[in-house]
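Each step along the sequence shown adds one to the number in the working numbering, with nothing skipped, and position 6 is 28.
Down below is the structure, laid out as structure tokens.
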Amino acid sequence: MADFRRLHPKAEVHIVASQSLEDELERDTDAAMVFGARGDFPPSAKLLIPERVVPVCAPGFLERYGPFDDPAQFANVPLLHLETTEKARWLTWATWLAAHGVAREPEQGDLGLNTYGFVIQAALAEQGLALGWIGLVDHHLAQGSLIQVGPEITRHDRGYWLVPSPSAHGTTAALLDWLINET
């Protein structure tokens with residue numbers, strides 16, 4: 023957003039965060055960027071970032087608990103969970119592990135957090151393994167403050183979707199075009 027605001031210094035941009043799909047789509051807004059599946063959105067929605075998820079942890083956590091050569095090893099370490107009051111629209115530890123043939127539900131020693139920012143902060147503080155969404159943890163991976171410790175799962179039918187208002191014009195249309203070009 024900083025780059026867009028430099029290009030359009032008079033543009034007013036309001037960002038509202040929510041984990042509720044209904045809240046995000048029912049707001050009277052010019053556009054929404056919403057995480058979900060293709061069928062959740064109108065045909066005008068554009069997929070900006072497909073869901074790409076890798077397990078990550080801080081280097082100190084890896085030193086204490088690793089190495090992790092097999093996803094089955096994740097069954098014995100603290101996991102950081104992004105919790106929601108609704109059914110999760112994103113990969114969870116249960117679904118990520120199941121994709122690798124490992125059955126594990128949240129257990130004692132795990133930590134549940136209600137925002138993704140808290141999950142990443144807990145991972146940086148060496149509290150457990152987190153699921154890292156490519157596009158959101160890239161900076162930490164490049165810096166080495168988080169390390170990828172398992173294989174990636176990509177789901178092209180899910181991710182961050184741009185849902186424009188049918189009446190988007192002017193600065194809103196410029197923002198939508200900029201977002202599409204940036205991703």
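The beta-carbon is built from N, C-alpha and C at its ideal position, and this holds for glycine as well.
Short of 7 angstroms in beta carbon distance, which residues of its chain neighbour residue i, apart from the five on each side in sequence? Order them along the chain.
i, result
"P186", "A53, S66 and L198"
Could you tell me whether the Cβ atoms of residue i and residue j are closer together than 8 angstroms?
i, j, result
"E73", "W115", "no"
"G150", "E105", "no"
"A33", "D179", "no"
"I71", "T193", "no"
"L119", "P93", "yes"
"F90", "V124", "no"
Output yes if chain D places a C-beta closer than 8 angstroms to the C-beta of residue i; else output no.
i, result
"Q143", "The structure shown has no chain D; it contains just one protein chain."
Would you decide whether residue i is buried or exposed? Buried here means 16 or more other CB atoms lie within 10 Å of its CB.
i, result
"P77", "buried"
"G172", "buried"
"V75", "buried"
Can you tell me the Cβ-Cβ gap for residue i and residue j, rounded? I've got them flagged as a contact below 8 angstroms.
i, j, result
"L102", "V141", "5 angstroms"
"I156", "L184", "Not a contact, Cβ separation roughly 18 angstroms."
Whose C-alpha, out of the options, is nearest the C-alpha of residue i?
i, options, result
"I37", "L84, K109, V56 and L29", "V56"
"G166", "D91, H191 and L84", "L84"
"N136", "Q130, H162, W155 and E108", "E108"
"I169", "G192, L184, L29 and L153", "L153"
Looking only at its chain, what residues have a beta carbon closer than 6 angstroms to the beta carbon of residue i, apart from the 5 residues adjacent to it on each side?
i, result
"W200", "F26"
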